[in-house]
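Report on the structure given below.
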Amino acid sequence: MAIWDIFKKKNNVEEEEAPSSVAPEGDTFSSEGRRLEESEEEEVAKEEVVEEEAPKKKGFFARLKEGLRKTRENFVYSLDVVFDGAEAIDDDFFDELEETLIMGDLGAVTTERLLDKLRDAVDSQAIVKPSECKGVMIEGLREQMQVGSSAYRFETEPSVVFVIGVNGVGKTTTIGKLASQLRKKKRKVLIAAADTFRAAAGDQLKTWAERAGVDMIGGVEGADPASVLFDAVHAAKARKIDVLLVDTAGRLNNKKNLMEELKKMNRVIDREYPEAYRENLIVLDATTGQNAMQQARDFNDVADLSGIVLTKMDGTAKGGIAVAIQSELKIPVKYIGVGEKIDDLQKFDPESFVEALFETGE
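Counting in our numbering, the sequence shown tops out at residue 368, every number present.
Shown next, in the form of structure tokens:
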């Protein structure tokens with residue numbers, strides 16, 4: 007299609023114009039004096055910029071904007087090609103726009119909703135220029151991501167947080183990062199290693215627990231997850247823990263077994279810790295696009311999800327999945343990960359996301 011041809015051409019030009027990092031063959035030291043002279047110049051230069059090189063910690067919006075670079079350079083650029091390149095608002099314009107939205111992983115349902123809103127706006131506002139449609143599209147994206155309150159009750163009251171997700175999505179890392187952040191908020195945290203099905207899961211989680219500075223219960227491969235949770239609940243109550251983070255089974259090959267396992271674990275909470283607030287967070291790898299959407303649907307069938315954590319947003323060019331998930335499933339994205347550092351897992355804000363994606367904010 008024309009959109010992708012233009013995009014590929016753009017990338018090729020950028021690569022050709024990129025400055026070479028290889029020094030010219032003739033750029034060698036011809037004498038000891040020249041080496042000393044250049045060395046002295048370098049030392050002076052270092053002294054002059056020492057204050058300017060002091061590292062500055064980026065705010066989360068800056069890291070979010072940086073993390074969404076791939077999506078911006080692919081998805082948003084492709085949208086701009088449609089809005090700025092079309093000669094009229096006609097069927098061809100809407101067809102190319104539909105293709106671009108779907109290729110950005112917004113999904114068929116969300117795409118249809120956005121196009122319907124755009125068609126209505128074109129008629130009601132008498133829009134005639136394709137370029138004027140971009141603002142309507144951005145506003146439509148904001149609306150699609152509004153799913154009501156995303157209260158973080160586990161930050162303020164005794165809670166049990168089940169963390170769910172298939173292998174490889176960053177579940178263990180997310181638990182460690184979340185534990186660290188809650189601890190910084192002066193919350194006492196305990197981790198229950200109840201994913202006893204996966205080999206070495208307990209060891210990996212223990213490493214993250216130590217990094218976060220919190221204790222962990224369980225971690226023995228093959229143990230009954232409900233028994234691990236039972237021990238963890240009693241430890242949490244005895245130690246006056248604020249938040250019990252529970253690493254749960256992540257397999258989906260047999261929904262019936264998974265559902266029974268989660269039910270059994272919930273019965274433990276009902277019986278042993280009924281006063282605790284419960285949260286079911288699913289961790290999804292944003293780079294898997296529509297597969298992440300399907301995982302959310304499958305787990306929601308058995309776990310009644312209350313929130314989503316989207317990891318690896320900095321590694322995908324199809325960040326539209328964040329819009330699609332909230333729009334179609336009506337499950338709030340509560341956290342977003344745009345890097346490997348502890349601070350790169352932050353609460354998700356739709357407004358900040360759209361501003362960072364389209365560079366509409368400061």
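Don't be surprised by glycine CBs; every beta carbon is placed ideally from N, CA and C.
Once you ignore the five residues that flank residue i on each side, which residues in its own chain have a CB closer than 8 Å to its CB?
i, result
"His240", "Glu278"
"Glu334", "Gly113, Val115, Thr116 and Met299"
"Ala207", "Thr178, Ala199, Asp201, Gly225, Glu227 and Asp253"
"Glu285", "Arg159, Phe160, Ser165, Val166, Val167, Phe168, Ser312 and Gly313"
"Phe236", "Val274 and Glu278"
"Gln210", "Thr178"
"Leu121", "Phe100, Leu103, Glu104 and Leu107"
"Val308", "Lys261, Leu264, Met265 and Leu268"
"Asp310", "Asn286"
"Ala92", "Asp98, Phe99, Glu102 and Pro136"
With which residues is residue i paired in a DSSP beta bridge?
i, result
"Phe168", "Val252 and Asn286"
"Val315", "Val289 and Tyr341"
"Ile348", "Paired residues: none, contrary to the question."
"Ser195", "Before going on, a small fix: residue 195 reads as Val here, not Ser. According to DSSP, which records beta bridges pairwise, Val195 is partnered with Val249."
By DSSP, does residue i sit in helix, in strand, or in coil?
i, result
"Asp96", "coil"
"Gly224", "strand"
"Lys353", "strand"
"Thr106", "helix"
"Glu57", "Low confidence applies to Glu57: its pLDDT is 37, below 50, so where it sits in the model is not reliable enough to give any reading."
"Phe203", "coil"
"Asp126", "helix"
"Glu48", "Low confidence applies to Glu48: its pLDDT is 45, below 50, so where it sits in the model is not reliable, and the reading given next is rough at best. Looking at Glu48 - three-state DSSP - the assignment turns out to be helix."
"Gly2", "A query on residue 2 cannot be resolved here, the shown segment of the chain reaching from 7 to 368 and no further."
"Gly219", "coil"
"Asn297", "helix"
"Gly176", "coil"
"Ser27", "Note that Ser27 scores 38 on pLDDT, short of 50, meaning its location in the model is unreliable and no value can be drawn from it."
"Pro231", "helix"
"Val274", "helix"
"Leu188", "helix"
"Asp304", "helix"
"Gly141", "helix"
"Gln131", "coil"
"Leu112", "coil"
"Lys324", "coil"
"Tyr158", "coil"
"Phe364", "helix"
"Gln332", "helix"
"Met151", "coil"
"Asp101", "helix"
"Tyr83", "helix"
"Glu72", "helix"
"Pro136", "helix"
"Gly65", "coil"
"Asp209", "helix"
"Glu267", "helix"
Between the Cα of residue i and the Cα atoms of the options, which residue gives the shortest distance?
i, options, result
"Val339", "Phe359, Asp253, Val249 and Ile348", "Phe359"
"Ala251", "Glu365, Gln296, Val166 and Phe305", "Residue identity differs from the one stated: residue 251 is Leu in this sequence, not Ala. Closest option to Leu251, Cα to Cα, is Val166."
"Lys212", "Ala185, Lys191 and Ser233", "Ala185"
"Asn297", "Gly171, Gly219 and Glu285", "Gly171"
"Ser312", "Lys192, Asp349, Ala323 and Ile337", "Ile337"
"Arg69", "Leu287, Phe354, Val344 and Thr366", "Val344"
"Lys151", "Asp96, Val308, Glu102 and Arg119", "The amino acid occupying residue 151 in the given sequence is Met; Lys does not appear at that position. The candidate whose alpha carbon is nearest that of Met151 is Arg119."
"Gly65", "Asp349, Pro356 and Glu357", "Asp349"
"Leu268", "Ile197, Asn306 and Ala292", "Asn306"
"Ile223", "Phe364, Val249, Leu196 and Ile247", "Leu196"
"Asn263", "Asp248, Pro231, Ala292 and Arg245", "Pro231"
"Val175", "Leu287, Lys192 and Asp98", "Leu287"
"Ala229", "Ile247, Arg204 and Val220", "Arg204"
"Ile108", "Gly295, Val220 and Gly219", "Gly295"
"Glu346", "Lys190, Asp221 and Trp214", "Trp214"
"Asn292", "Gly321, Tyr283, Asp310 and Asp304", "Strictly speaking, residue 292 in this sequence is Ala, with Asn absent from that position. Ranking the options by Cα distance to Ala292, first place goes to Gly321."
"Val329", "Gln131, Glu149 and Gly154", "Glu149"
"Ala255", "Val82, Asn173 and Gln301", "Asn173"
"Ala282", "Lys243, Gly325 and Ala302", "Lys243"
"Ala132", "Ala94, Gly154, Asp98 and Arg78", "Ala94"
"Asp96", "Arg217, Lys190, Gln187 and Val134", "Val134"
"Glu216", "Asp304, Ala127 and Arg189", "Arg189"
"Val153", "Glu365, Phe364 and Gln332", "Gln332"
Kindly give me the distance between the Cβ atoms of residue i and residue j, rounded to whole angstroms, as I take these residues to be in contact under 8 Å.
i, j, result
"Val169", "Thr162", "With a Cβ gap of about 19 Å, Val169 and Thr162 do not count as contacting."
"Leu290", "Ile314", "6 Å"
"Met319", "Leu74", "7 Å"
"Ala200", "Met143", "Actually they do not touch by this definition, with Cβ atoms about 43 Å apart."
"Asp111", "Ile327", "4 Å"
If I measure Cβ to Cβ from residue i and keep anything under 7 Å in the same chain, skipping five residues before and after, which residues do I get?
i, result
"Phe89", "Pro136, Ser137, Cys139 and Lys140"
"Tyr341", "Val315, Leu351, Gln352, Lys353 and Phe354"
"Arg125", "none"
Short of 6 Å in beta carbon distance, which residues of its chain neighbour residue i, apart from the five on each side in sequence? Order them along the chain.
i, result
"Asp355", "none"
"Ala362", "Leu70, Lys71 and Leu74"
"Lys194", "Ile247 and Asp248"
"Lys16", "At Lys16 the pLDDT is 47, less than 50, meaning the model places this residue with poor confidence and gives no usable figure here."
"Lys324", "Gly110, Asp111 and Gly295"
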